[in-house]
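Visitor: Below is a structure I'd like to ask you about.
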Amino acid sequence: MIELEALTKRFGAKTAVDNLSFQVKPGVVTGFLGPNGAGKSTTMRMMLDLDNPTSGTVRIDGKHYRDLSEPLKHIGALLDAKAMHGGRSAYNNLLCLAQSNRIPASRVGEVLDLVGLTAVAKKKSKGFSLGMGQRLGIAAALLGDPEILMFDEPVNGLDPEGILWIRNLMKGLAGEGRTVFVSSHLMSEMALTADHLIVIGQGKLLADMSMAEFIHQNSRSFVRLRSPQQEQLKDLLHAEGIAAAALPDSGALEVDGVASEQLGELAARHGIVLHELSPQRASLEEAFMRMTADSVEYQAHAPGAPAAGVGGQAGPADAPAWGAGAEATSKGGR
Amino acid sequence: MTGPATLPDQPPEQDPPLPETRPHLGHALASEWTKMVSVRSTLWTLGALVLLVVGIGLLAVGETNDPTGFTNPPHTAAAVFGLLVGQVAVIVLGVLTVTSEYATGLIRTTLTAAPDRARVLTAKYLVFAAVAFTVVSASVAVVGIASMIAVDSPQAHQTAGEWLAALTGCLYITLLGVLGLAIGAVVRHSAGAIAVMLGLVTLPPVVGGMLTMWDSLTPLGNLIIRYNAPVAIMQMFGLPTSEVGGLPGNWAQLALIVAVAGAAVAGSYAVVGRRDV
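Protein chains in written order, with the working numbering: chain A, 719 to 1052; chain B, 6 to 282.
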């Protein structure tokens, strides 16, 4: 169990992590999601007592990190696969960690076996591929047989086999009742791995809910319409009070929250030819982008701006420069 | 790599839970010892040191055997020529002991495993100092003993006091390395820390000499000429050093390096203890 309470980190005027409170519970894989620069790594570093919070606290099993006598036996972390000395063998890289936490040297062989690196145990780790480096980092995290595991972007740069391996590993660890906390900026990856989601944007908590709930709340369904009589169709929808967004390049319209049957019948009643009438479901990736883009928009524009036409493209394009957002925030603060 | 298929069948939990007790400095020392002996740079720097001190030392012993051109330094003085170059190897090893962790990012892994940063630093200082002092004094001893065996001259000598002075010189060089480690821990950058240390070791004789060009600055220049690393080392090994009279005693030289290194070490604890990694 990891508990964050009002965790805040400022670098000068920039607030990287803003009043973050959540709990990471055992037995499930908790995904920690946010766009690049959202403050995920900073948060994880504060969880591990590497960075000092400006304010707020983190507790690991109810204790401050510094009060854990042998932290590797409570929490194992993969922060950066390259965080090993390349000139040292895989075995020695792990041995010096084990010794500092009174972990028997035999355990080093066990974890190397577990991640499949036994054959290269005596090889210098600088010759390792990205995937092998990642496995070594995971071996280090598993060294103390900890109840809590933390992985920062573990699948970055891995091949499909490596990604599958890590995904199964995390699920297996959670299945044993451990706490598994994994960060990613890829919603699609989280959708396959995580049972619970914590989403942050610009250091603020945006969502803390189960994956099922997130899918239910955020997967947007819409209907795509294409017609040779597009202007007429637009006028009709407008007259009916149905909001339609025009896609710039394909000439199609997208309609939120109205059933395709209803739209088809409406067009038929008015004799409008339809070339396409297709119900669509936005991907979770889009849902995530909309969620994080909204958090940015909320600071920059007046609320009530029209919903982004296509979540995917609209999100990042609408995101203001950092300066604008910061200005809005500081004005609000005064 | 058979990891994926086997993992769910072999959960690590099946192992008996690892016993948990409060680790102490001894475990940090074991960890740092493993780090020290498991990288090639240790071998290179210490190997260079031994080669320089023993190699140049034995050449010097060979020359000293000619009784005509020989004044009267103790046997161990033959080691000083190699040491004046070899001190750089000690400094580099001291710096790398900590900066290699910052360069690779290993420092995060280290501090995650051992959040008591002071303990990690203490272990680094102790392991480095023990290794450096042992290797430096062993090299000096080899040269001294070789000289005692080879040099057959009525002027040759090595009193207990001269052995002690030589050991003080070894300690002085070790402390230069400790200073390098402390500066490395603060600046976190190998090249930066080594540059600072080389400046500290090589510049004072030059700067001191330049300052004596002005009458008003001469006292300061003479002070710098008397108190600096090369002069201190040569003096401790019993070599005549500079023309500037009134050289301080060995203990004064040692006290100075203890004070400087001690201040840097204290600073490293303060900085590393609270800095974001």
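Where a beta carbon is used, it is the ideal one built from N, C-alpha and C, also for glycine.
Could you give the C-beta distance for L768(A) and T117(B), rounded to a whole number, given that I count them as a contact under 8 Å?
Guide: 7 Å
Visitor: With DSSP run on the structure shown, which of helix, strand or coil describes N936(A)?
Guide: Reduced to three states, the DSSP call for N936(A) is helix.
Visitor: Name the chain B residues whose beta carbon is nearer than 7 Å to that of S818(A)?
Guide: Neighbours of S818(A) on chain B, chain order: P28, H32, A33, S36, A118 and A119.
Visitor: Can you give me, in chain order, the residues of the segment 932-946 of chain A that have a beta carbon less than 8 Å from any beta carbon in chain B?
Guide: none
Visitor: Does the CB of T7(B) have a neighbour CB from chain A at under 8 Å?
Guide: Bear in mind that a pLDDT of 42 at T7(B), under 50, signals an unreliable position, so the number given afterwards is only what the model happens to contain. Yes, T7(B) counts as interfacial toward chain A.
Visitor: Looking at the secondary structure, which residues open and close the alpha helix (DSSP H) in which N227(B) lies?
Guide: T223 to R231
Visitor: Are there 16 or more other CB atoms within 10 angstroms of the CB of E979(A), so buried, or fewer, so exposed?
Guide: exposed
Visitor: Since S195(B) contacts V100(B) with CB under 8 Å, what's their CB separation in whole angstroms?
Guide: With a contact defined as Cβ atoms closer than 8 Å, S195(B) and V100(B) qualify at about 6 Å.
Visitor: Just to make sure I have the definition right: I need the residues of chain B whose C-beta is within less than 9 Å of the C-beta of L797(A). Which are they?
Guide: G110, R113, T114 and T117
Visitor: Note down, in chain order, each residue of its chain lying with its Cβ closer than 6 Å to the Cβ of Q998(A), except the 5 sequence neighbours on either side.
Guide: F940 and R942
Visitor: Is the Cβ of R193(B) closer than 8 Å to any Cβ of chain A?
Guide: no
Visitor: Look at L954(A) and H988(A) and say whether their C-beta atoms are less than 8 Å apart.
Guide: Taking 8 Å as the Cβ cut-off, L954(A) and H988(A) qualify as a contacting pair.
Visitor: Does Q92(B) pass the burial test, meaning 16 or more other C-beta atoms within 10 Å, or should it be called exposed?
Guide: buried
Visitor: Nearest to L131(B) by alpha carbon, out of L48(B), D220(B), L180(B) and G60(B)?
Guide: L180(B)
Visitor: Are the C-beta atoms of R45(B) and some chain A residue less than 8 Å apart?
Guide: Closer than 8 Å: yes.
Visitor: Restricting to runs no shorter than 3 residues, where is the beta strand (DSSP E) found entirely within the segment 757-825 of chain A?
Guide: 773-778 and 793-796
Visitor: Would you give the residue range spanned by the beta strand (DSSP E) that F869(A) belongs to?
Guide: I866 to D870
Visitor: In its own chain, which residues sit with a C-beta less than 8 Å from the C-beta of A734(A), not counting the 5 before and 5 after it?
Guide: K727, R728, G757, T760 and G921, listed in sequence order.
Visitor: Let me know the secondary structure DSSP gives F133(B) once reduced to three states.
Guide: F133(B) falls in the helix class under three-state DSSP.
Visitor: Along the chain, where does the alpha helix (DSSP H) containing N255(B) start, and where does it finish?
Guide: N255 to R279
Visitor: Please report how far the alpha carbon of E788(A) lies from the alpha carbon of L861(A), in whole angstroms.
Guide: 12 Å
Visitor: List, in order along the chain, the chain A residues whose C-beta lies closer than 7 Å to that of T39(B)?
Guide: N810, L813, C814 and Q817
Visitor: Could you say if the segment 194-211 of chain B and the segment 35-43 of chain B meet the contact criterion of at least three C-beta pairs nearer than 8 Å?
Guide: no
Visitor: What separation, rounded to the nearest whole angstrom, lies between the Cα atoms of V183(B) and V147(B)?
Guide: 24 Å
Visitor: Please report the distance separating the alpha-carbon of V276(B) from that of A108(B).
Guide: 18 Å
Visitor: Does V282(B) get closer than 8 Å to chain A when you measure Cβ to Cβ?
Guide: yes
Visitor: Taking C-alpha atoms, which residue in L904(A), E972(A) and A799(A) lies nearest to G749(A)?
Guide: Closest option to G749(A), judged by alpha-carbon separation, among L904(A), E972(A) and A799(A): L904(A).
Visitor: Quick one: is the Cβ of L904(A) within less than 7 Å of any heavy atom of the ligand ADP?
Guide: As for the ligand ADP, it is missing from this structure, which has no ligand bound.
Visitor: Quick check: what's the CA-CA separation for I884(A) versus V898(A)?
Guide: 12 Å
Visitor: With distance defined between alpha-carbon atoms, name the residue in L887(A), S739(A) and M802(A) nearest to L848(A).
Guide: The shortest Cα separation from L848(A) among L887(A), S739(A) and M802(A) belongs to M802(A).
Visitor: CB-CB under 8 Å to M1009(A), same chain, minus the five flanking residues each way: which ones, in chain order?
Guide: V917, G919, L924, A925 and N936
Visitor: Report the option in A65(B), Q258(B), P224(B) and S36(B) whose CA atom is closest to the CA atom of A237(B).
Guide: Check the Cα spacing between A237(B) and each of A65(B), Q258(B), P224(B) and S36(B): the tightest is with Q258(B).
Visitor: Below 7 Å CB to CB, which residues in the same chain sit around M153(B) once its five sequence neighbours on both sides are set aside?
Guide: H80 and Q163
Visitor: Which residue comes first and which comes last in the beta strand (DSSP E) that contains H914(A)?
Guide: H914 to G919
Visitor: Between the C-alpha atoms of M857(A) and K791(A), what's the straight-line distance to the nearest angstrom?
Guide: Reading off the sequence shown, one finds Ala at residue 857(A), where the question assumed Met. When rounded, the distance between both Cα atoms is 13 Å.
Visitor: Considering only their Cβ atoms, is the gap separating L915(A) from L1077(A) smaller than 8 Å?
Guide: No answer is possible for residue 1077(A): the residues shown for chain A start at 719 and end at 1052.
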